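Number of protein chains: 4
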Amino acid sequence: MSGRHHLFIPGPSNLPDRVLRAMDRPTIDHRGPTFRALTFEMQRRLRWVFGCAGPVITYPASGSGAWEAAMVNTLSPGDKVLMCETGQFATLWHDIAGRLGLEAELIAGDWRHGADAEAIGAQLQADTGHTIKAVCVVHNETSTGCTSDIAAVRRAMDAAGHPALLMVDTISSLGSLPYRADDWGVDVTIAGSQKGLMLPPGLSFNAVSPKALAASETAKLPKSYWAWQPMIALNEKGFFPYTPATNTLYGVIEALKMMEEEGLDAIFARHARHAAATRAAAAAWGLELQCADPAQASDVLTTLRVPEGHSADALRATALERFDLSLGNGLGRLADKVFRIGHLGDLNDLSLMSAISGVEMSLGLVGIPHRKGGVLAAMDVLAGAPEAMAERGAA
Amino acid sequence: MSGRHHLFIPGPSNLPDRVLRAMDRPTIDHRGPTFRALTFEMQRRLRWVFGCAGPVITYPASGSGAWEAAMVNTLSPGDKVLMCETGQFATLWHDIAGRLGLEAELIAGDWRHGADAEAIGAQLQADTGHTIKAVCVVHNETSTGCTSDIAAVRRAMDAAGHPALLMVDTISSLGSLPYRADDWGVDVTIAGSQKGLMLPPGLSFNAVSPKALAASETAKLPKSYWAWQPMIALNEKGFFPYTPATNTLYGVIEALKMMEEEGLDAIFARHARHAAATRAAAAAWGLELQCADPAQASDVLTTLRVPEGHSADALRATALERFDLSLGNGLGRLADKVFRIGHLGDLNDLSLMSAISGVEMSLGLVGIPHRKGGVLAAMDVLAGAPEAMAERGAA
Amino acid sequence: MSGRHHLFIPGPSNLPDRVLRAMDRPTIDHRGPTFRALTFEMQRRLRWVFGCAGPVITYPASGSGAWEAAMVNTLSPGDKVLMCETGQFATLWHDIAGRLGLEAELIAGDWRHGADAEAIGAQLQADTGHTIKAVCVVHNETSTGCTSDIAAVRRAMDAAGHPALLMVDTISSLGSLPYRADDWGVDVTIAGSQKGLMLPPGLSFNAVSPKALAASETAKLPKSYWAWQPMIALNEKGFFPYTPATNTLYGVIEALKMMEEEGLDAIFARHARHAAATRAAAAAWGLELQCADPAQASDVLTTLRVPEGHSADALRATALERFDLSLGNGLGRLADKVFRIGHLGDLNDLSLMSAISGVEMSLGLVGIPHRKGGVLAAMDVLAGAPEAMAERGAA
Amino acid sequence: MSGRHHLFIPGPSNLPDRVLRAMDRPTIDHRGPTFRALTFEMQRRLRWVFGCAGPVITYPASGSGAWEAAMVNTLSPGDKVLMCETGQFATLWHDIAGRLGLEAELIAGDWRHGADAEAIGAQLQADTGHTIKAVCVVHNETSTGCTSDIAAVRRAMDAAGHPALLMVDTISSLGSLPYRADDWGVDVTIAGSQKGLMLPPGLSFNAVSPKALAASETAKLPKSYWAWQPMIALNEKGFFPYTPATNTLYGVIEALKMMEEEGLDAIFARHARHAAATRAAAAAWGLELQCADPAQASDVLTTLRVPEGHSADALRATALERFDLSLGNGLGRLADKVFRIGHLGDLNDLSLMSAISGVEMSLGLVGIPHRKGGVLAAMDVLAGAPEAMAERGAA
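Chains as they are written, first to last, in our numbering: chain Y, 4 to 398; chain D, 4 to 398; chain A, 4 to 398; chain S, 4 to 398.
See below:
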């Protein structure tokens, strides 16, 4: 096929050439002075994007590894954790907790909303014995396109006066949605490289609060690879306890430089613009969003439902075959019922128009009932005053 | 700005990553055995894309250098050449002929049509003394988006029984429009790297017929750098008379491999599809094409006129600033009156939709009168049966 | 500093441009058909290099992660494992086993020899109750430059009629030294990307025998990220249970293609040539090898002792500052007493001469007593008949 | 073959990864604002490396094109030019002059010395009618490894009070040897991209003095592609009269940034160090230098004679086959009698040692009589105090 592939899954996101070129360099000695300088710069830049003052631990691992790391460093066998069933990724995290020997309670959800801060608060208030050791929330549920209000969860925890740790999965939100680990009192922020950070997959992160660090002193789940302590100790000297993924680290620095150049507020405003345009297209087509609460609709991705009796996967196959367009599939119970348009990372208006026009043509080709003109609706948003949009995005 | 730049000028065209990566290699000894193999492979592949059996000479030079080369190798001071004023590039070629000491006659044109084969025939028939030594035609006039029918010019020359050489500028057509140097009796085909061949600028070509080669034996214009004879002699051994642009040559081979994989017919059909979609958008917008004859409308680029009293350059500036979209400017007498959309080289449907949506939004932002819905018209073409389009393209 | 850095640590090794360029590509959908084909090709090529018929599991992780994976998948809390103190890496592995809750027994060693197959056999014969569940051996101890004879360990286990699993760390040997997982009856082979496989760090591997797979059915150590079962199940469909490190996977395929082109026997012979040249230089300089048994001297790296009262790290610092040459440092108890020259991965004779001349000049500059002429001794080896060397290497 | 190729021809030189990566970027609109900024930065940096205040013209062409450009812009048919037969490249330039219709006089030379400033002065003094319009000298004769003293030529011209233009070929010296166009009163400096500038071949340059520019007003040789006037006029606006070789221009800027970072004096000192080491090796081997005057021996390359009855090309073939080492061949009358070691561009001590050890081993393998130990002699130079060398180099 001619031309560039159109990647609009909700991560891995599109890699900027600058990031790819930065990684296209010889590997260096991970115990030498050049590497040390790289570690220090990376840590400084990572703290900036997480909004935290404490250590950010970088694993050569997928995001699921960072979930595991957050738990094995802070919890002991049989500890109780509270989770919210926001969708597939919250469910997976819950499964992991169980496999590690934790008692994981899942507040049921309909996969169409973010985490229910009130329900969390109620559970914590009922837990007078403080048996719940951690509350685990997915900031942006990549399967549904719903966000959770982390600041509200924090307030609910504070209102309950409960000492549980707050762990937040920002794998698909960090660098795309406003996030402030310290301001929101998050104890462990879990993140990955391949979404808003515009990097290839292969790295994941734990940003750790002092409270979480203290918990790690007594946590009893067995751990070696994921152990924070040796990582923090060596990172402070500029090194790692095992051979780090050096070339991807080159990319981290370049990506965070690019983000600094654009500015976090501008980045968030851009994501808001693109999400608004995508939702306008969906509305024009007459397709329902999986996210039932407009206030929770994600600026990272949009999950669209296809009408009963139609196949989202058939649409995706046509988009791929005819237009070299990759769309995200429905996960778990949403399989074949939804498709997902990622509008995160290194993206601009006209690239988004590629995706929207590709979806509109594919809807027609595959025979899913819809109204034409999603592209026009999206263009109306994108051709609107960018400042206004920026404000809306930043708000 | 975030995301990829949208380059839709009519050349340089978008470079495939494969071509960029192929060039991203150490330079090798241009007198060694690896280089020799590279030269032979390149020559074989170049003959394929030109449709010729004779030598193809590769200069480290722009296309204008290859124009000069064609003339200094075959002509003598004061020789008469016949040209057609199809637009800016034909005019520049005419100027070059003059600067080199040739007597260049220009059949006047309106910059809205291709070369007039009948007029050429008439001139040649009138030239009973055979003072005209060469007929020079631009296959695809990049300033206007009009093509010239080279086979028809050949027939007119044959009908006149005139021995003039036929020189054709395919700088913006080779690899995008059907072209067959030998079948059409072209004596010197002039081409460049940065258009249909999907390469960076910096190389240009002369594909040479036996008749042109014979003419070069007696041509008296001074020449050194452009001289065919030492080039051909050394190329036959796998080398060059001066240090060639090795890294770009790596790219030539990779680009021609990609073209072989896609197939020339498929490539031409794709260009036809994209041109049809672009013209459909123009019609929907109500913008006039610069090319006045639909049969001559180029599949390489589309030149659109803005209504009197409006500025094409203002449109282009808005497209660039707001949407990171580069459109081609009006050249020479068309300055600010037209803009050009290149749809050549490494391109696919959804990338074209980027450009078309960017133009539509920019038309609105800059206040050029137009009807909305060019994007819908383009999508109707692109979502049509690809086979049918392919046939139309190849026809 | 001008020119290329000279990286001669025993891994990460030098990355071929072909591998770097292969990774310099957009990330693709890890749930799409192109990715599936990539997974299948990668698995086929990995089995070839491991010499195994069973599954090879690929983790986004460092080699230490793959150690952990081997144990948590096959063992239960309190299980006994037998290890040999061949050097720093064997010691680290032993520490990990302890942290995971295993009872790890370490056969003491002097850090100057490989694993003692006889001692292993004796321990197993004494273990009549079969309480030892796994024997863990480091094939190439990267801290000392000593190899262990895996086939001999296998024979000792068989002679003892003991059912323990055999786990082998080939992190720094795979692709550099002859290795045959199935032929030698290895149950879990642990490997990493950044050594003989000529890849950046960030991936590690478990090649798994049917016996190990059976053990994983009943193993009770908690696990989620490292769990083989979901990995194998999804790999069989061409996918992964979590987002894989796609861009590094591109590199895996390219590196293994290169290895197939060169041929494993030729690769091993080349490593043997380079090791012989390096040892010849060491002998000429009068520096002692850390490896006390010439039959166990590694073809991957050479660890040289500096005379008492001299600092290996001072030598390394001079080599780095004056000659942009990175040498490996002494690890653990060998700190500052030895330096290590890696001669693995993508290397050839003249690049090795860079390192040897850099070491010789640095020895002089830093005032370590030595005889000049190590370079001449190395050249005598390298200019010798390559076929003879190849035979020696393959022997 | 494993590992990196060892390229030690006297140009094209080794490309730094930074330069290759800088070129590995999409081509941009050569008529847009980003390109304009690029042109201005490039011009500023080029003037710095040439040591001139006037325009530097950049051609997509080889160095031989820039020779032609220098002449066609300043001279008229039949004009007399004075040249010195320093070697193959001076001879080629002389041939070009003849082909362009100039009367080119060549002061005979033995190919073992630089240009004879005294002889030039004598010729000019004898030319009382000022029929000589230009003196053309090769600064660094790449075929012989002899340099010419340009300042001395200037003094001789001044002493003769002769108004001829001074044209200097710095193709293989610019960026490697001290050069100051304005200080030395050079009217046209001819240069190329692929040597000291660490770029791929494909660009060449004319740095033009006001006097040369004045001459171009009346020069009558036909020209179009090479014409300075339109180039200068458009360059001043940030553009080019024809599509420039954009991607190589990216490389120009990156290479000149690197040169600024290292510093010209440091670069020249480095070349002097490497040349001294190479000559020390040659002396140790007992091989004669082609350059007969040590004061003229080039710091860019060293041309070594093989003893009568031996074949330099056999040596080169062995170096290539056995050690993947490319050495420069003997050109013209020196074919098979000499080989050339390039030590220019992006190079450091240990890479040079690769070449020297490769030559020493190849001398042995091919049976050319020599003494062993060239490597030791080179190391003695390279391990010497770098400051001392730097001073020697800068002197």
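Note that CB positions come from ideal geometry on N, CA and C, so glycine has one too.
Source: prediction; values computed, not measured.
Chain-ordered neighbours of Y:Asp-20 on chain S, where CB pairs are closer than 9 Å: Residue mapping note: residue 20 of chain Y aligns to position 17 of the first sequence, counting from 1. Within 9 Å Cβ-Cβ: Asp-27, Arg-28 and Pro-29.
Boundaries of the alpha helix (DSSP H) in which A:Ala-40 is found, first to last residue: Indexing the third sequence from 1 puts residue 40 of chain A at position 37. From DSSP, the alpha helix (DSSP H) with A:Ala-40 extends over 36-53.
Beta-carbon within less than 6 Å of S:Ile-12's beta-carbon, same chain only, minus the 5 sequence neighbours each way: which residues are those? Position 9 of the fourth sequence holds residue 12 of chain S. If we look at S:Ile-12 and ignore the five residues flanking it on each side, its Cβ neighbours are Ser-329, Gly-331 and Gly-345.
State whether the segment 183-194 of chain A contacts the segment 204-212 of chain A, with contact taken as three or more CB pairs (one from each stretch) at a distance under 8 Å. yes
Could you tell me if D:Pro-247 is buried or exposed, where buried requires 16 or more neighbouring beta carbons within 10 angstroms of its beta carbon? Locating residue 247 of chain D in the second sequence gives position 244, where the first residue counts as 1. Counting Cβ neighbours within 10 Å, D:Pro-247 comes out buried, since at least 16 surround it.
From which residue to which residue does the alpha helix (DSSP H) around A:Glu-265 run? Taking the first residue of the third sequence as 1, we reach residue 265 of chain A at position 262. Start and end: 249-265.
Which residues bound the beta strand (DSSP E) around A:Val-191? Sequence index remark: in the third sequence, residue 191 of chain A carries index 188 (1-based). Per DSSP, A:Val-191 belongs to the beta strand (DSSP E) from 191-195.
Within 9 Å of any Cβ in chain D, is that where the Cβ of A:Arg-24 sits? In the third sequence, counting from the first residue as 1, residue 24 of chain A sits at position 21. Yes, its Cβ sits closer than 9 Å to a Cβ of chain D.
Here's the rule: buried if 16 or more other CB atoms are within 10 angstroms of the residue's CB, otherwise exposed. What is A:Met-4? The residue labelled residue 4 of chain A in the question sits at position 1 within the third sequence. Counting Cβ neighbours within 10 Å, A:Met-4 comes out exposed, since fewer than 16 surround it.
Does DSSP put A:His-165 in a helix, in a strand, or in coil? Locating residue 165 of chain A in the third sequence gives position 162, where the first residue counts as 1. Three-state DSSP puts A:His-165 in coil, outside helix and strand.
Considering only the beta carbon of each residue, do Y:Ala-155 and Y:Gly-54 sit closer than 9 Å? As a first step, residue 155 of chain Y must be located in the first sequence, where it is residue number 152. As a first step, residue 54 of chain Y must be located in the first sequence, where it is residue number 51. Going by beta carbons, Y:Ala-155 and Y:Gly-54 fall outside the 9 Å limit.
Less than 9 Å separating the beta-carbons of S:Met-74 and S:Ala-25? Counted from its first residue, the fourth sequence places residue 74 of chain S at position 71. Counted from its first residue, the fourth sequence places residue 25 of chain S at position 22. No.
When you compare the CB positions of D:Lys-223 and D:Val-303, do they come within less than 9 Å of one another, or not? What you label residue 223 of chain D is simply residue 220 of the second sequence in a count that begins at 1. What you label residue 303 of chain D is simply residue 300 of the second sequence in a count that begins at 1. The answer is no: Cβ separation not under 9 Å.
Does any C-beta atom of chain S lie closer than 9 Å to the C-beta of A:His-373? Position 370 of the third sequence, counted from the first residue, corresponds to residue 373 of chain A. No, no contact with chain S.
Tell me, please, whether the CB atom of Y:Val-378 is closer than 9 Å to any CB atom in chain D? Counting from one through the first sequence, the residue named residue 378 of chain Y turns up at place 375. Chain D, which has a Cβ nearer than 9 Å to the Cβ of Y:Val-378, makes this yes.
Could you tell me whether the Cβ atoms of D:Asn-279 and D:Leu-78 are closer together than 9 Å? Reading the second sequence from its first residue, position 276 is the one you call residue 279 of chain D. Reading the second sequence from its first residue, position 75 is the one you call residue 78 of chain D. Per the sequence presented here, residue 279 of chain D reads as Ala, with Asn not at that position. Taking 9 Å as the Cβ cut-off, D:Ala-279 and D:Leu-78 do not qualify as a contacting pair.
Flag this pair as yes or no: are the beta carbons of Y:Ala-386 and D:Gly-367 separated by less than 9 Å? In the first sequence, the residue the question calls residue 386 of chain Y occupies position 383. In the second sequence, the residue the question calls residue 367 of chain D occupies position 364. Contact flag set, yes.
Boundaries (first-last residue) of the alpha helix (DSSP H) holding D:Thr-94: Mapped onto the second sequence, residue 94 of chain D falls at position 91. From DSSP, the alpha helix (DSSP H) with D:Thr-94 extends over 91-102.
Cβ-Cβ distance between Y:Ile-153 and Y:Gly-66 below 9 Å: By 1-based counting over the first sequence, the position of residue 153 of chain Y is 150. By 1-based counting over the first sequence, the position of residue 66 of chain Y is 63. Contact flag unset, no.
Apply the 10 Å Cβ neighbour rule to D:His-274 and answer buried if 16 or more other Cβ atoms are within range, or exposed otherwise. Counting from 1 along the second sequence, the entry for residue 274 of chain D is found at position 271. D:His-274 is buried by the Cβ-count criterion.
Is the CB of S:Arg-319 under 9 Å away from at least one CB in chain A? Looking up residue 319 of chain S in the fourth sequence gives position 316. No - not a single Cβ of chain A is within 9 Å of the one on S:Arg-319.
Return helix, strand or coil for A:Phe-399, following the three-state DSSP convention. Residue 399 of chain A cannot be examined here, being either before or after the span of chain A that is shown, 4 to 398.
Nearest-angstrom Cα distance between S:Gly-132 and S:Asp-172? Here residue 132 of chain S refers to the residue found at position 129 when the fourth sequence is read from its first residue. Here residue 172 of chain S refers to the residue found at position 169 when the fourth sequence is read from its first residue. One C-alpha to the other measures close to 26 Å.
D:Val-52 beta carbon less than 9 Å from that of D:Met-262: The residue you call residue 262 of chain D lines up with position 259 of the second sequence. The residue you call residue 52 of chain D lines up with position 49 of the second sequence. Yes, Cβ-Cβ distance for D:Met-262 and D:Val-52 is below 9 Å.
Of all the CB atoms in chain D, is at least one closer than 9 Å to the CB of Y:Phe-3? This structure cannot speak to residue 3 of chain Y, because chain Y is shown only from 4 to 398.
Please tell me whether A:Leu-200 and A:Gly-333 are closer than 9 Å, where the distance is taken between their beta carbons. Counting from one through the third sequence, the residue named residue 200 of chain A turns up at place 197. Counting from one through the third sequence, the residue named residue 333 of chain A turns up at place 330. No, the pair does not count as a contact, with Cβ atoms beyond the cut-off.
First and last residue of the beta strand (DSSP E) that includes Y:Ser-207? Counting from one through the first sequence, the residue named residue 207 of chain Y turns up at place 204. Element bounds for Y:Ser-207: 206-211.
Nearest chain A C-beta to Y:Ser-227 closer than 9 Å, yes or no? Taking the first residue of the first sequence as 1, we reach residue 227 of chain Y at position 224. Y:Ser-227 counts as touching chain A.
Going by the DSSP bridge assignment, what does A:Thr-61 pair with across the sheet? Taking the first residue of the third sequence as position 1, residue 61 of chain A is located at position 58. A:Thr-61 pairs with A:Phe-208.
Residue-level contact to chain Y via CB, D:Pro-15, 9 Å cutoff: To locate residue 15 of chain D, count along the second sequence from 1; it is residue 12. By this cut-off, D:Pro-15 is not an interface position.
Exposed or buried, D:Arg-395, counting other C-beta atoms within 10 Å across all chains shown (16 or more means buried)? In the second sequence, residue 395 of chain D corresponds to position 392, counting from 1. With a pLDDT of only 42 at D:Arg-395, under the threshold of 50, the placement of this residue in the model should not be trusted; the figure read from the coordinates follows. D:Arg-395 should be labelled exposed.
List, in chain order, every chain S residue whose beta-carbon is nearer than 8 Å to that of A:Leu-350. For the purposes of this step, residue 350 of chain A is taken as the residue at position 347 of the third sequence. In chain order: Ser-5 and Gly-6.
Rounded C-alpha distance that separates A:His-165 from Y:Thr-134: Mapped onto the third sequence, residue 165 of chain A falls at position 162. Mapped onto the first sequence, residue 134 of chain Y falls at position 131. The alpha-carbon atoms of A:His-165 and Y:Thr-134 are separated by roughly 46 Å.
S:Pro-204 CB to nearest chain E CB: under 9 Å? Absent from the structure is chain E; the protein chains it does hold are Y, D, A and S.
If contacts are defined as beta-carbon pairs under 8 Å, then D:Ala-287 and D:Arg-343 qualify, I think. What distance do you get, rounded to the angstrom? To locate residue 287 of chain D, count along the second sequence from 1; it is residue 284. To locate residue 343 of chain D, count along the second sequence from 1; it is residue 340. The Cβ separation is near 18 Å, so there is no contact.
Between which two residues does the beta strand (DSSP E) holding D:Leu-304 run? For this step, residue 304 of chain D is matched to residue 301 along the second sequence. Segment 304-308, the beta strand (DSSP E) holding D:Leu-304.
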